[in-house]
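A.B. asks: If you're matching positions, the sequence shown starts at 28 in my numbering and goes up one per residue.
The C-beta atom is built at its ideal place from N, Cα and C for all residues, glycine as well.
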Amino acid sequence: MGNKSHGLKHGWTFIAHKSYKIFSNANAYVVIDYENDIVLQFAVTDADLEIITANWGLNFKIILGFKTIKILDFPEE
Numbered sequence: 028m029g030n031k032s033h034g035l036k037h038g039w040t041f042i043a044h045k046s047y048k049i050f051s052n053a054n055a056y057v058v059i060d061y062e063n064d065i066v067l068q069f070a071v072t073d074a075d076l077e078i079i080t081a082n083w084g085l086n087f088k089i090i091l092g093f094k095t096i097k098i099l100d101f102p103e104e
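Written out as C-alpha cells, the structure reads:
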C-alpha cells in the first residue's frame, strides 16, 4: 500500500500514500500530492476539523471517532 501516518496537533492523525507531503503552520495544514498540487487545506482543534479547501475529485475519509483523516487516492504507477 505505501501509506504513511503523520501525527497532527490535538491528537489527530493524517494517513496518505508516502508520496503526499503535509506542511503545517499552527493548527492549519496543507497537503501536496505527487504532482506537487495543493489538494487539501484544513485546520484542527481538539473539538473539530475544518476543511478549508479540497480539490475536486480528491477521495478522502474522516473518521471522527479516531480523529483520523485518510487520503484514499494513490499516484498513478
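Report the residue from Lys31, Glu103 and Ile96 whose alpha carbon sits nearest the alpha carbon of Gln68.
C.D. replies: Answer by Cα proximity: Ile96.
A.B. asks: Which residues share a DSSP beta bridge with Ile96?
C.D. replies: Phe41 and Ile89
A.B. asks: Return the bridge partner residues of Val71 from the DSSP annotation.
C.D. replies: Paired residue(s): Leu76.
A.B. asks: In whole angstroms, what separates the C-alpha of Gly92 from that of Lys45?
C.D. replies: Answer to the nearest angstrom: the Cα atoms are 24 Å apart.
A.B. asks: Name, in chain order, the residues that DSSP records as bridge partners for Val57.
C.D. replies: Phe50 and Gln68
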